[in-house]
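Trainee: If you count by my numbering, then the sequence shown holds residues 1 to 369, one letter each, in order.
A single structure is presented below for examination.
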Amino acid sequence: MAEADRPIRETGTPAMAVERDGSRLPETDPIQRKTAKRGKRLALMLSVPLLLAGVGGYFYATSGRSVSTDNAYIKQDVVSVSSDVGGRIVSVNVRENQMVKAGDILFRVDPQPYEVALAQADAAIAAAQVKVTELQTDYSTSGVGIAGAQSDVTFTRAELQRQQELMNKGFTTRAKLQAAQNAFQNAQLRVQLAQVDAQKAKASLATGAQVPGENPDIAAARAQRAKAQLDLTRTTVRAPTSGRISQSDRLQVGQMMVTGLPAVSIVASDRSWVEANFKETDLDHMYPGQPAEVRLDAYPDLKLRGHIDSIGAGTGSEFAVLPAQNANGNWVKVTQRVPVRIAFDDKSPRPMIAGQSAKVVVDIRKAGK
Numbered sequence: 001m002a003e004a005d006r007p008i009r010e011t012g013t014p015a016m017a018v019e020r021d022g023s024r025l026p027e028t029d030p031i032q033r034k035t036a037k038r039g040k041r042l043a044l045m046l047s048v049p050l051l052l053a054g055v056g057g058y059f060y061a062t063s064g065r066s067v068s069t070d071n072a073y074i075k076q077d078v079v080s081v082s083s084d085v086g087g088r089i090v091s092v093n094v095r096e097n098q099m100v101k102a103g104d105i106l107f108r109v110d111p112q113p114y115e116v117a118l119a120q121a122d123a124a125i126a127a128a129q130v131k132v133t134e135l136q137t138d139y140s141t142s143g144v145g146i147a148g149a150q151s152d153v154t155f156t157r158a159e160l161q162r163q164q165e166l167m168n169k170g171f172t173t174r175a176k177l178q179a180a181q182n183a184f185q186n187a188q189l190r191v192q193l194a195q196v197d198a199q200k201a202k203a204s205l206a207t208g209a210q211v212p213g214e215n216p217d218i219a220a221a222r223a224q225r226a227k228a229q230l231d232l233t234r235t236t237v238r239a240p241t242s243g244r245i246s247q248s249d250r251l252q253v254g255q256m257m258v259t260g261l262p263a264v265s266i267v268a269s270d271r272s273w274v275e276a277n278f279k280e281t282d283l284d285h286m287y288p289g290q291p292a293e294v295r296l297d298a299y300p301d302l303k304l305r306g307h308i309d310s311i312g313a314g315t316g317s318e319f320a321v322l323p324a325q326n327a328n329g330n331w332v333k334v335t336q337r338v339p340v341r342i343a344f345d346d347k348s349p350r351p352m353i354a355g356q357s358a359k360v361v362v363d364i365r366k367a368g369k
């Protein structure tokens, strides 16, 4: 039976293989199988080098065209707003993330102390004006004093001359002559004092070159009032620029505002740029004006065009709060990063947020400007 089941090979016909269902198929020639395996092996051996050569050729052809970094972030102007005057906050007109325009009211400081200071300044101006009026009166009446003193001089001179004539004739005493001489001298002194008082009154009414035509006391009082008026105006704090409100939690009604202490921040969202920190070894062929492509991690499908606006004047570590101390025995050379400002050429359809991560690719085939 075993011999009967063997396939019968006839001359010139291929051997037949018996399948499970009883059908017969031609068997593959061993030589053909070896040839097919050898062909596959040869194709595999040739495809690997060709693939490597293709990849190497691609990188060779595309290398040196651009430099890139993902150490890049969106930057925007941030204005810290503080009050120029101190006092208690009486009203707050903004909330977190609110959009404001330049000139909008942010908050108000209690104006009552500055209204009192303004009233005091008005009183100081009035007092200075009264003093000037008194000085003008003194100066105008100083002429009367001088005239009266000169009249006394004339009278005492005549009396002295009369006493001298009587003395020469022996009809008077020496005591009366000396009294006449003393009265004449006192009259001359009164004239001099009256003239000095008149000069002092005139000098009090004089104006300086800095404020011509106005009494210095009145000018000082007016300056004091101007400061009081300015302080009163500054109790209303307005937005210096347009943007989005941030860090407004420090604005609370009833809280004391300290002069110069930042109270709220405004992010100027209409002015955005990218600060890309490139390796110092990438700067050899980078120049301002070269085109750049910016992609934001927050918006993967968004691609924005830009260009190099400027290259930083120092590395990041140079301006760090605690710069690296390389003058020691444990020094290890580290590739430094240099901030490069990328300006946008396209307007983003999506909102820019300060601090967003970005990837920047700069085309260095162009020389820039």
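Beta carbons are placed, not taken as given, at the ideal position from N, Cα and C, and that holds for glycine.
Determine the closest residue to K279 out of V153, V362, A43, with distance taken between C-alpha atoms.
Mentor: On the sequence shown, residue 279 is found 279 positions in, with the first residue counted as 1. Considering only alpha carbons, the answer is V362.
Trainee: For T281, which of K40, V67, L51 has the nearest alpha-carbon?
Mentor: Here the question's residue 281 lines up with position 281 in the sequence shown. When only C-alpha atoms are compared, the closest one is V67.
Trainee: Is it buried or exposed for A203, if we count other Cβ within 10 angstroms and need 16 for buried?
Mentor: Residue mapping note: residue 203 aligns to position 203 of the sequence shown, counting from 1. With fewer than 16 Cβ atoms within 10 Å of its Cβ, A203 is classed as exposed.
Trainee: In or out: T235 buried (at least 16 other Cβ within 10 Å) or exposed?
Mentor: Position 235 of the sequence shown, counting from 1, holds the residue named residue 235. T235 comes out buried.
Trainee: Please confirm if the region 241-249 is in contact with the region 139-159, defined as three or more CB-CB distances below 8 Å between the two stretches.
Mentor: Taking 8 Å as the limit for Cβ pairs, the verdict is that the region 139-159 does not touch the region 241-249.
Trainee: Determine the direct distance from the alpha carbon of A53 to that of R24, and round the result to whole angstroms.
Mentor: For the purposes of this step, residue 24 is taken as residue 24 along the sequence shown, with counting starting at 1. For the purposes of this step, residue 53 is taken as residue 53 along the sequence shown, with counting starting at 1. Note that R24 scores a pLDDT of 49, beneath 50, so its modelled location is shaky; the value from the coordinates is reported in the next line. Computed Cα separation, rounded: 47 Å.
Trainee: Could you please give me the residues that DSSP links to N277 through a beta bridge?
Mentor: For this step, residue 277 is matched to residue 277 along the sequence shown. Answer is P339.
Trainee: Roughly how many whole angstroms lie between the Cα atoms of L296 and I89?
Mentor: Counting from one through the sequence shown, the residue named residue 296 turns up at place 296. Counting from one through the sequence shown, the residue named residue 89 turns up at place 89. Answer to the nearest angstrom: the Cα atoms are 40 Å apart.
Trainee: Enumerated in chain order, which unbroken segments of the beta strand (DSSP E) with a length of 3 residues or greater are wholly contained in the region 244-310?
Mentor: Taking only runs of at least 3 residues, the beta strand (DSSP E) segments lying wholly in the region 244-310 are 262-279, 291-296.
Trainee: Go through its chain and collect everything with a Cβ distance to A61's Cβ below 7 Å, but skip five positions before and after it.
Mentor: Translated into positions along the sequence shown, residue 61 becomes position 61. Its pLDDT being 49, under 50, A61 is placed unreliably in this model, and the value from its coordinates should be taken loosely. Nothing meets the Cβ criterion.
Trainee: DSSP puts R88 in a beta bridge; with which residues?
Mentor: The sequence position of residue 88 within the sequence shown is 88, counting from 1. Partner(s): M256.
Trainee: Provide the residue span of the alpha helix (DSSP H) that contains L232, from first to last.
Mentor: If you number the sequence shown from 1, residue 232 lands on position 232. Taken as a continuous stretch (DSSP letters only), the alpha helix (DSSP H) holding L232 covers 216-233.
Trainee: Which residue's Cα is closest to the Cα of R365: K303, P288, G312?
Mentor: Against the sequence shown, residue 365 aligns to sequence position 365. R365 has its Cα closest to that of P288, out of K303, P288, G312.
Trainee: Quick check on this structure: which residue in L302, N71, D197, K176 has the alpha carbon closest to the alpha carbon of V340?
Mentor: The residue given as residue 340 occupies position 340 in the sequence shown. Nearest option by C-alpha distance: N71.
Trainee: Are the region 312-322 and the region 252-261 touching by the rule of at least three beta carbon pairs closer than 8 Å?
Mentor: Result no; under three Cβ-Cβ pairs closer than 8 Å.
Trainee: Can you tell me whether L106 is helix, strand or coil according to DSSP?
Mentor: Locating residue 106 in the sequence shown gives position 106, where the first residue counts as 1. Looking at L106 - three-state DSSP - the assignment turns out to be strand.
Trainee: Let me check one thing: in DSSP terms, what residues is S357 bridge-paired to?
Mentor: Residue 357 sits at position 357 when you count from the first residue of the sequence shown. Partner(s): Y73.
Trainee: Going by alpha carbons, who is nearest to V360 out of T335, Q188, Y73?
Mentor: Start at 1 with the first residue of the sequence shown, and residue 360 comes out as number 360. When only C-alpha atoms are compared, the closest one is Y73.
Trainee: If you draw a straight line from the alpha carbon of E214 to that of G145, how long is it in whole angstroms?
Mentor: The residue given as residue 214 occupies position 214 in the sequence shown. The residue given as residue 145 occupies position 145 in the sequence shown. Going from the Cα of E214 to the Cα of G145 covers about 27 Å.
Trainee: Comparing C-alpha positions only, which one of T335, S348, A198 sits nearest to Q136?
Mentor: For the purposes of this step, residue 136 is taken as residue 136 along the sequence shown, with counting starting at 1. Nearest option by C-alpha distance: A198.
Trainee: Residues in its own chain within less than 6 Å of A102 by CB, not counting five upstream and five downstream?
Mentor: In the sequence shown, the residue the question calls residue 102 occupies position 102. The residues are A239, T241, S242.
Trainee: For F319, does the three-state DSSP call read helix, strand or coil?
Mentor: Numbered from 1 along the sequence shown, position 319 holds the residue referred to as residue 319. It is coil, neither helix nor strand.
Trainee: Inspect the beta-carbon positions of I218 and A128 and report whether they are closer than 9 Å.
Mentor: Walking along the sequence shown from the start, residue 218 turns up at place 218. Walking along the sequence shown from the start, residue 128 turns up at place 128. Result yes, Cβ atoms of I218 and A128 sit closer than 9 Å.
Trainee: Among A313, S265, K303, which residue has its Cα nearest to the Cα of L283?
Mentor: Numbered from its first residue, the sequence shown carries residue 283 at position 283. When each option's Cα is compared against that of L283, the closest is A313.
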